[in-house]
Structures are given as C-alpha cells and as structure tokens.
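Notes follow the structure.
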Amino acid sequence: DSGVTQTPKHLITATGQRVTLRCSPRSGDLSVYWYQQSLDQGLQFLIQYYNGEERAKGNILERFSAQQFPDLHSELNLSSLELGDSALYFCASSVGWATDNEQFFGPGTRLTVL
Amino acid sequence: GENVEQHPSTLSVQEGDSAVIKCTYSDSASNYFPWYKQELGKGPQLIIDIRSNVGEKKDQRIAVTLNKTAKHFSLHITETQPEDSAVYFCAASIRGDDMRFGAGTRLTVKP
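From first to last, the protein sequence lines are chains A and B. Going letter by letter, the first sequence gives residues 26 to 139 in my numbering. Going letter by letter, the second sequence gives residues 7 to 117 in my numbering.
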C-alpha cells in the first residue's frame, strides 16, 4: 500500500459528460501528480501541483483541469468526455516539488466512456 | 521534448535467469532515470532510480546502468523469481520537468 488513495476505483460514463477524480496524497507529501495510462499512449504525465499551486504541465487537454486544495487532496476534472478518454488515471505524490523526488502512485481510477 | 524508447516490449525468462531491459532517451539534459514495476491492478512502484552523475547503481538483485554518451540506460534483474513477473517502465526527466515514460516491458518469469 503506497499510502496514496484514489476514488472512485471505477467510473463508467457517457460521451459528453463530466467526471471528477479524487486523490489524497501520502501524509506529509506536498506534491501531487496526475497521469493517464492508455493502451495506445502508454503512461503520460498530465499535471503536477505543489502545495496548492500548479507546478508543471504535461500533455493535459484543455477539456481537463485539476486543482489541489488546502488539505492537499487533489481533484482531476474531465469534461466533454470522448471515447478516447477511456483510460486508467493515476495520482502520485511526493514530498518535494522536483520530479526526482520518489513518487508514490495510487491504485488508479479506471474510466470507461461509452 | 524528451522521447523515451524501451525494448523489448515482452520478455520471457526461466526462473533463476537474468533479465535485461533497455531504454534510450533523446534529451541530453535529462538527469533522472527511474524504473517502475507495475503489477496487475496496481499503480507503478519505483524499484530503482539513477541520476546522471552516476554510471551504475545496484540494489540486491536489481541494477541499473547509465551511458550518458550513448543516451541509454538499462535495468538488470538477476536470479529472477516468479514474483518479478510484471510490467516494467523506464522514465526520464529533467529535474523539475515532466517525466516521460517508455512504453513498458511485460516480463514473465516461468517457474
């Protein structure tokens, strides 16, 4: 158990809808990272927050947004969903802001868009 | 941006044999190279990492080598065990920049 929790575990929704994925980092970790894992694109970095502020952006679509709250949990919002958004979404956390801090991954949320 | 290629995509070995997975990266500024193990139904887990100022690092049965000139790094697992069966990902990043992952290697260790 990495200490990172993600909810929900599974999510099934329809095209055009909006969903929110939630992540609670390990106790003491200030950074939260979001990743998308799909069969055709592999594991891709989406976005990082550090202590409430956006720290780095990867291949995140404009239809996706995220935030980190004062209690350090984070939410990833996916809107106008398309079939191609079906994937595993992982959250990871680390103590510091640099990506060479060890990242601890959560169990993931499996999103299915029908 | 950084591009990471990983080979092979699948690898099958007999228990007790060694396994080697290789990755190449494109950006010479990359300076952090972690390796992750992902078991079925779980998130990736860091198993070893190496920074650009080190050529080799070992942790029990696992070792990683880095060749900065050739821009490639490799994961070596010795005395493989069935519990080593998983998908392994390499990654590269420039400190403070986003991590780029290889496509993954599915390792199967046959008892």
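Quick reminder that beta carbons are idealized off the backbone N, C-alpha and C, glycines included. On a predicted model such as this, the values are computed, not experimentally measured, just so you know.
Check whether the Cβ of Trp128 (chain A) lies closer than 8 Å to any Cβ atom in chain B. The residue asked about is misnamed: residue 128 (chain A) is Gln in this sequence, not Trp. Closer than 8 Å to some Cβ of chain B, the Cβ of Gln128 (chain A) qualifies, so yes.
Checklist entry - DSSP on Glu79 (chain A), reduced to helix/strand/coil? => result Look at Glu79 (chain A) here: in three-state DSSP terms it is strand.
### Message
For Gly110 (chain B) and Gly67 (chain A), which I take to be in contact (beta-carbon distance under 8 Å), what is that distance rounded to the nearest angstrom?
### Response
Confirmed, Cβ separation roughly 7 Å.
For a quick check, are the C-beta atoms of Thr45 (chain A) and Asn102 (chain A) less than 8 Å apart? Contact: yes.
Just to confirm my understanding: we take Ile56 (chain B), look at its own chain, exclude 5 residues before and 5 after, and list those with CB closer than 6 Å. What are they?
Here Ile56 (chain B) has Phe39, Lys63, Val70 and Leu72 as same chain residues with Cβ atoms under 6 Å from its own Cβ, once five neighbours each way along the sequence are excluded.
Task: Nearest-angstrom Cα separation, counted from Lys116 (chain B) out to Leu106 (chain A) - done: Just so you know, the alpha carbons of Leu106 (chain A) and Lys116 (chain B) end up roughly 41 Å apart.
Consider the Cβ of Leu68 (chain A): report whether some Cβ of chain B lies at a distance smaller than 8 Å.
-> Yes, Leu68 (chain A) lies at the interface with chain B (some Cβ there is under 8 Å from its Cβ).
- Query: Does Phe95 (chain B) get closer than 8 Å to chain A when you measure Cβ to Cβ?
  - Reply: Interface residue, yes.
Q) If you count every other CB in all the chains shown that lies within 10 Å of the CB of Ile37 (chain A), and 16 or more means buried, which is it? A) By the neighbour-count definition (other C-beta atoms within 10 Å, threshold 16), Ile37 (chain A) is an exposed residue.
Alpha carbon of Gln73 (chain A) to alpha carbon of Val93 (chain B), nearest angstrom:
Linking Gln73 (chain A) to Val93 (chain B) through their CA atoms gives a straight-line distance of about 24 Å.
query: Does the Cβ-Cβ distance between Glu45 (chain B) and Pro88 (chain B) come in under 8 Å?
result: In this structure, Pro88 (chain B) does not lie closer than 8 Å to Glu45 (chain B) by Cβ.
By the three-class DSSP mapping on this structure, what secondary structure does Asp55 (chain B) have? Annotated three-state conformation of Asp55 (chain B) is strand, per DSSP.
In angstroms, rounded to a whole number, what distance separates the CA positions of Leu139 (chain A) and Gln61 (chain A)? Near 18 Å, if we compare the C-alpha coordinates of Gln61 (chain A) and Leu139 (chain A).
task: Given a cut-off of 8 Å, decide if Phe79 (chain B) and Tyr42 (chain B) are closer than it, judged by their beta-carbon atoms.
output: The Cβ atoms of Tyr42 (chain B) and Phe79 (chain B) lie no closer than 8 Å to each other.
| Closest Cα partner of Ile54 (chain B) within the set A:Asn126, A:Arg135, A:Gly131 and A:Thr137 | A:Asn126 is the residue among A:Asn126, A:Arg135, A:Gly131 and A:Thr137 whose C-alpha sits nearest the C-alpha of Ile54 (chain B).
Does Tyr38 (chain B) come within less than 8 Å of chain A when only Cβ atoms are used?
Yes, because at least one Cβ of chain A sits closer than 8 Å to the Cβ of Tyr38 (chain B).
Please classify Gly7 (chain B) as buried or exposed, where buried requires at least 16 other C-beta atoms within 10 Å of its C-beta.
That one is exposed.
query: Which parts of the stretch 52-127 of chain A are runs of the beta strand (DSSP E), unbroken and 3 residues or longer, counting only runs that do not cross its ends?
result: Segments of the beta strand (DSSP E) lying fully in the stretch 52-127 of chain A: 56-63, 67-75, 78-82, 89-93, 99-103 and 112-119.
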